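S.K.: Protein chains in written order, with the UniProt record's numbering: chain A, 1 to 786; chain R, 1 to 194.
The structure's right below; bear with me while I get my questions together.
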């Protein structure tokens with residue numbers, strides 16, 4: 001009863017049936033539950049029951065609370081009703097990203113920025129925390145003071161433990177950096193796994209037509225314009241699919257098509273190479289400007305790199321679109337190519353940017369030696385050469401702003417990323433406003449006084465470009481992942497950006513966009529976008545990992561200054577903070593002799609899992625074939641089981657059922673409907689206790705008649721000796737649903753079973769009424785037993 | 001005019017929650033909305049006893065959520081428990097409808113009801129006639145959007161080839177559920193939000 005109550009939701013019964021059942025079950029449960037706890041321990045039992053009820057109620061309330069807390073739910077539902085599920089999927093993705101960034105922000109803010117701001121030495125106390133004297137003149141703008149604050153790497157002191165909590169700052173910085181990456185991996189992979197599970201577990205078959213007809217209508221559509229569009233798109237997709245299915249591959253002009261496609265790919269490669277080179281060139285130029293001092297140049301020169309990257313990101317996809325008209329692909333394939341090319345574009349740009357940045361890093365590191373030398377001279381000058389060299393110097397009070405500073409490449413990297421993200425954001429918003437809003441305003445108001453109809457003709461209202469926006473979001477996140485180690489402020493910035501994006505884009509979509517004409521399935525691409533996110537995550541953490549592992553940190557800034565490599569902080573912590581045996585365990589664990597076997601084990605595990613999944617797929621196919629025979633087999637087995645009171649017949653079951661499966665699949669392959677034909681097969685098994693069987697199938701006039709005649713040979717079991725023959729006769733009449741509308745077959749197969757058992761002749765006549773939904777699902781049989 | 005959810009006693013509400021699929025707070029909200037909308041559709045004199053009265057089908061079809069749906073008549077007929085088979089819905093039927101189309105309904109429930117909606121002649125299977133009517137509903141009312149009869153035949157053949165596993169020429173409930181369970185966007189598209 002309790003189980004019934006719990007599963008009542010999942011049953012497709014009408015309310016009229018559910019409510020009385022519920023009431024009945026509840027009364028029953030209450031009546032008997034108390035009785036269970038009679039005697040000793042009754043109070044305890046009643047208490048447990050009460051606690052369980054309270055717990056369930058609490059859980060339910062908590063679920064409701066959680067559902068009510070989901071942000072932007074109503075907005076997204078509104079968009080869904082107007083534009084369908086594919087546009088809404090972008091906003092769901094945006095919201096999911098917002099959630100991830102919230103966690104990243106809380107990690108960096110809570111564990112890195114706040115401790116440094118509260119517990120470490122304040123601004124102005126040590127040289128790295130102060131704006132140097134020469135920069136103080138133009139430090140009034142945001143960039144100047146921000147550079148010397150918790151927002152960037154350079155501010156952090158390398159003191160091992162700060163404040164009264166003895167908070168290990170460098171360790172925390174390092175671990176938060178690693179933790180953000182690990183958390184992102186975990187979340188992305190978990191979402192991919194969940195999506196894959198919902199997709200039905202990797203079955204290869206796709207029911208294109210059936211899905212089109214059963215699932216293409218979006219029930220959320222509530223307005224007529226969208227509905228009309230949807231009708232049109234469904235019709236087009238039907239027609240297209242039919243034509244595709246019918247059309248044999250037209251092979252003429254395949255050479256021309258191939259040539260055009262090669263040409264198009266070549267053009268695209270040229271574009272990509274060109275854009276890569278442009279970025280490299282621009283970065284080099286900006287280095288030159290930096291050397292000559294940025295004051296001489298205007299705004300464009302200062303922000304050249306970022307503007308160029310954003311502009312390329314805006315115009316190249318349009319170019320790719322034009323080029324792809326040469327290729328003449330099916331729209332879905334063309335979309336995939338387009339997405340792939342945009343992906344390559346963004347990736348190429350990002351990596352060129354990073355390579356150029358590496359050059360700058362190397363420059364700064366070369367500078368370090370010079371600066372170190374200069375500092376020793378400066379210190380000597382400070383003491384005016386009054387002290388001998390090997391005595392300790394009396395500290396002289398020097399204003400921290402006056403101390404010469406070493407170059408800090410990490411802060412520079414952080415700054416570059418922040419500037420890139422800001423310019424990217426600005427470009428996106430400006431494109432949105434101009435491309436969508438201004439265009440819509442122009443079309444709406446100029447339509448009265450223009451020669452052709454603007455709304456249907458050339459500009460018209462824009463559609464929401466789901467894939468372009470999703471890609472932009474993914475790449476933005478990639479940049480965040482890349483730069484978050486060097487600029488802890490990046491997750492915060494991204495959070496703000498996503499928040500504003502959400503509102504701005506929701507408004508823009510409802511105000512300026514029209515529903516798409518060509519509606520693509522949203523969710524087929526769901527795992528595709530997750531996969532891209534995973535690839536971007538991997539590729540963007542690569543440069544950061546490379547710099548951590550191979551480049552020594554600057555000597556004068558950041559929490560790792562003074563160490564030879566950034567990850568030495570782990571070593572240091574292990575040595576000083578943990579007991580000795582811990583360090584020994586770790587050193588054993590990182591021994592190559594242990595790591596290699598572990599890697600080998602993982603490779604073997606992957607191989608094993610892969611082969612089991614192949615086995616499962618194969619088993620799936622086999623089951624499918626069996627499913628085809630189930631119509632026949634279940635009936636047969638029902639009959640056979642009825643007589644298996646005698647153990648002799650139970651041996652039949654296994655043998656004969658397998659025969660019948662074989663027979664059924666065999667007959668399905670050979671017989672064509674509508675023509676009378678006979679299949680007669682005689683199988684003789686060599687196994688013990690298996691009979692010889694004669695199978696006969698006749699198909700005519702929309703009916704199929706199966707005859708199974710089995711003669712049991714001698715049974716070799718020692719317990720029962722019988723030389724009696726069991727004559728077995730099985731007759732089945734199955735109507736076939738031949739697709740002629742006027743000749744509808746009745747849905748009642750007839751089975752007749754004749755069976756000899758010692759002294760009796762059993763005749764069973766079965767008439768099976770095909771289950772309809774109104775009745776219960778088991779077939780009803782009427783028997784005649786002589 | 002505004003009927004409020006407080007007219008229903010609290011234990012009845014919680015009963016509805018167990019049988020229904022929406023969360024409690026949403027339930028109260030949904031209830032009051034559903035109540036209000038249902039009330040609006042009822043005639044004035046029937047408003048007092050919301051439990052027993054039924055709203056005729058043509059009134060239900062004026063709901064904006066159902067107005068543009070090509071299956072609106074079938075939906076009404078499927079969820080209606082009236083003996084006259086006229087497609088009229090009582091409040092409980094209305095709740096059933098919302099519950100089946102809600103976010104938290106399981107795939108099993110949705111596919112069950114979808115099957116019933118698509119089964120135009122109510123015989124428990126989707127045969128050629130049903131599929132033809134289905135395609136005609138989906139391609140809209142206008143003549144220029146309809147498929148020709150060869151296209152229709154081809155389409156139906158393809159569908160049966162894909163979904164009819166036991167090759168009896170019709171799609172029964174289990175075959176339908178098998179196809180639907182593989183579809184990635186059935187659950188998200190088979191949704192109505194009030």
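Backbone N, C-alpha and C fix where the C-beta goes; we use that ideal spot for every residue, glycine too.
Bear in mind that the values here come from a model prediction, so they are computed numbers and not experimental data.
Determine the chain R residues that contact residue 76/A at a beta-carbon separation under 7 Å, and present them in chain order.
M.R.: Counted from its first residue, the first chain places residue 76/A at position 76. Within chain R, no residue comes near residue 76/A; the closest Cβ sits about 11 Å away, beyond 7 Å.
S.K.: Run through the segment 556-613 of chain A for me and flag every whole alpha helix (DSSP H) of 4 or more residues, listed as ranges in chain order.
M.R.: With a minimum length of 4 residues, the continuous alpha helix (DSSP H) runs that stay inside the segment 556-613 of chain A are 568-577, 580-589.
S.K.: Going by DSSP, what residues sit across from residue 162/A in a beta bridge?
M.R.: For the purposes of this step, residue 162/A is taken as the residue at position 162 of the first chain. Note: residue 162/A sits in a beta bridge opposite 167/A.
S.K.: In terms of residue numbering, what span does the alpha helix (DSSP H) encompassing residue 113/A cover?
M.R.: For the purposes of this step, residue 113/A is taken as the residue at position 113 of the first chain. Neither: residue 113/A is in no alpha helix (DSSP H) and is coded neither H nor E.
S.K.: Please classify residue 173/R: does DSSP put it in a helix, a strand, or coil?
M.R.: Here residue 173/R is taken as the residue at index 173 of the second chain, counted from 1. The answer is helix: DSSP assigns residue 173/R an H, G or I state.
S.K.: Under a CB-based cut-off of 9 Å, is residue 109/R close to chain A?
M.R.: By one-based count along the second chain, residue 109/R stands at place 109. So yes, residue 109/R belongs to the interface.
S.K.: For chain A, find out if any of its Cβ atoms is closer than 9 Å to the Cβ of residue 120/R; answer yes or no.
M.R.: Translated into positions along the second chain, residue 120/R becomes position 120. Answer no: the Cβ-Cβ gap between residue 120/R and chain A never drops below 9 Å.
S.K.: Which residues in the same chain have their Cβ closer than 7 Å to the Cβ of residue 326/A, if we skip the five residues on either side of it in sequence?
M.R.: One-based indexing of the first chain puts residue 326/A at position 326. Excluding positions up to five away in sequence, the list reads 260, 263, 264.
S.K.: Would residue 67/R count as contacting chain A if we go by Cβ distances under 9 Å?
M.R.: As a first step, residue 67/R is located in the second chain; it is residue number 67 there, counting from the start. By this cut-off, residue 67/R is an interface position.
S.K.: Identify the continuous alpha helix (DSSP H) that holds residue 258/A and give its terminal residues.
M.R.: Counting from one through the first chain, the residue named residue 258/A turns up at place 258. Per DSSP, residue 258/A belongs to the alpha helix (DSSP H) from 254-292.
S.K.: By DSSP, does residue 30/A sit in helix, in strand, or in coil?
M.R.: One-based indexing of the first chain puts residue 30/A at position 30. Looking at residue 30/A - three-state DSSP - the assignment turns out to be helix.
S.K.: Quick check on residue 180/A: buried or exposed, where buried means 16 or more other Cβ atoms within 10 Å of its Cβ?
M.R.: Mapped onto the first chain, residue 180/A falls at position 180. Counting Cβ neighbours within 10 Å, residue 180/A comes out buried, since at least 16 surround it.
S.K.: Between the alpha carbons of residue 362/A and residue 570/A, how many angstroms are there, rounded?
M.R.: Stepping through the first chain from its first residue, residue 362/A is reached at position 362. Stepping through the first chain from its first residue, residue 570/A is reached at position 570. Each residue's alpha carbon lies about 25 Å from the other.
S.K.: Quick one: Cα of residue 7/A to Cα of residue 112/R, how far?
M.R.: On the first chain, residue 7/A is found 7 positions in, with the first residue counted as 1. On the second chain, residue 112/R is found 112 positions in, with the first residue counted as 1. Roughly 16 Å between the two C-alpha positions.
S.K.: I'd like to know whether the C-beta of residue 54/R is nearer than 9 Å to at least one C-beta of chain A.
M.R.: For the purposes of this step, residue 54/R is identified with residue 54 of the second chain, where counting begins at 1. So no, residue 54/R is outside the interface.
S.K.: Let's test the definition: count the other Cβ atoms within 10 Å of the Cβ of residue 473/A and tell me whether it reaches 16, buried, or not, exposed.
M.R.: For the purposes of this step, residue 473/A is taken as residue 473 along the first chain, with counting starting at 1. It counts as buried.
S.K.: So residue 794/A is in the alpha helix (DSSP H); what residue range does that whole segment cover?
M.R.: As displayed, chain A neither begins before 1 nor continues past 786, which places residue 794/A out of reach and without an answer.
S.K.: For the candidate residues 426/A, 444/A, 118/A, 158/A, whose alpha-carbon lies nearest to that of residue 165/A?
M.R.: Translated into the one-based positions of the first chain, residue 165/A becomes position 165. Residue 165/A has its Cα closest to that of 118/A, out of 426/A, 444/A, 118/A, 158/A.
S.K.: Hey, could you find the ends of the alpha helix (DSSP H) residue 116/R is sitting in?
M.R.: Here residue 116/R is taken as the residue at index 116 of the second chain, counted from 1. Run containing residue 116/R: 107-118, per the alpha helix (DSSP H) assignment.
S.K.: Measuring only between beta-carbons, confirm whether residue 221/A sits less than 9 Å from chain R.
M.R.: By one-based count along the first chain, residue 221/A stands at place 221. Judged by the 9 Å Cβ criterion, residue 221/A is in contact with chain R.
S.K.: So, helix, strand or coil for residue 413/A, using DSSP?
M.R.: Here the question's residue 413/A lines up with position 413 in the first chain. The answer is helix: DSSP assigns residue 413/A an H, G or I state.
S.K.: Taking C-alpha atoms, which residue in 193/R, 167/R, 191/R, 157/R lies nearest to residue 210/A?
M.R.: For the purposes of this step, residue 210/A is taken as residue 210 along the first chain, with counting starting at 1. Checked all of 193/R, 167/R, 191/R, 157/R; the closest Cα to residue 210/A is 157/R.
S.K.: Taking just the CA atoms, how far does residue 335/A sit from residue 78/A?
M.R.: By 1-based counting over the first chain, the position of residue 78/A is 78. By 1-based counting over the first chain, the position of residue 335/A is 335. If you take the alpha carbons of residue 78/A and residue 335/A, they lie about 27 Å apart.
S.K.: For a quick check, are the C-beta atoms of residue 70/R and residue 137/R less than 9 Å apart?
M.R.: The count along the second chain starts at 1 and reaches residue 70/R at position 70. The count along the second chain starts at 1 and reaches residue 137/R at position 137. Cβ distance < 9 Å, so residue 70/R and residue 137/R count as in contact.
S.K.: Would residue 649/A be called buried (16 or more neighbouring beta carbons within 10 Å of its own) or exposed?
M.R.: Translated into the one-based positions of the first chain, residue 649/A becomes position 649. Note that residue 649/A has pLDDT 47, beneath the 50 cutoff, so the model's placement of it is unreliable and no number is given.
S.K.: Counting Cβ pairs, one atom from each stretch, are 3 or more of them under 8 Å apart for the segment 86-101 of chain R and the segment 161-181 of chain R?
M.R.: In short, these stretches do not touch, since the Cβ pair count stays below three.
S.K.: Is it buried or exposed, residue 106/A, if we count other Cβ atoms within 10 angstroms and call 16 or more buried?
M.R.: Counting from one through the first chain, the residue named residue 106/A turns up at place 106. Exposed, since its Cβ has fewer than 16 Cβ neighbours within 10 Å.
S.K.: Kindly confirm or deny that the segment 146-157 of chain A and the segment 412-429 of chain A touch, where touching means at least three C-beta pairs closer than 8 Å.
M.R.: With the cut-off at 8 Å, the segment 146-157 of chain A and the segment 412-429 of chain A touch.
S.K.: Taking the beta carbon of residue 125/R as the centre, do at least 16 other beta carbons fall within 10 Å, making it buried, or is it exposed?
M.R.: Taking the first residue of the second chain as position 1, residue 125/R is located at position 125. Buried is the call here.
S.K.: Closer than 8 Å, Cβ to Cβ, to anything on chain R: give me those residues from the segment 224-240 of chain A, in chain order.
M.R.: Within the segment 224-240 of chain A, the residues whose Cβ lies closer than 8 Å to some Cβ of chain R are 224, 226, 227, 228, 231, 232, 234, 235, 238, 239, listed in chain order.
S.K.: How about residue 305/A and residue 420/A: are their beta carbons less than 9 Å apart?
M.R.: To locate residue 305/A, count along the first chain from 1; it is residue 305. To locate residue 420/A, count along the first chain from 1; it is residue 420. Yes, these two residues count as a Cβ contact at 9 Å.
S.K.: Tell whether a beta-carbon distance below 9 Å holds between residue 266/A and residue 559/A.
M.R.: In the first chain, residue 266/A corresponds to position 266, counting from 1. In the first chain, residue 559/A corresponds to position 559, counting from 1. Not closer than 9 Å, so no.
S.K.: Quick one: measure Cβ to Cβ for residue 509/A and residue 83/A, integer angstroms, because I've assumed they're closer than 8 Å.
M.R.: Position 509 of the first chain, counted from the start, is the residue given in the question as residue 509/A. Position 83 of the first chain, counted from the start, is the residue given in the question as residue 83/A. Yes, residue 509/A and residue 83/A are in contact; Cβ-Cβ is about 7 Å, under 8 Å.
S.K.: For a cutoff of 9 Å on Cβ pairs, would you count residue 613/A as touching chain D?
M.R.: The structure shown contains no chain D; its protein chains are A and R.
S.K.: Do you know offhand how far residue 154/A's Cα is from residue 129/A's?
M.R.: In the first chain, residue 154/A corresponds to position 154, counting from 1. In the first chain, residue 129/A corresponds to position 129, counting from 1. Roughly 8 Å between the two C-alpha positions.
S.K.: Nearest to residue 96/R by alpha carbon, out of 34/R, 56/R, 151/R?
M.R.: In the second chain, residue 96/R corresponds to position 96, counting from 1. Here the closest residue by C-alpha is 34/R.
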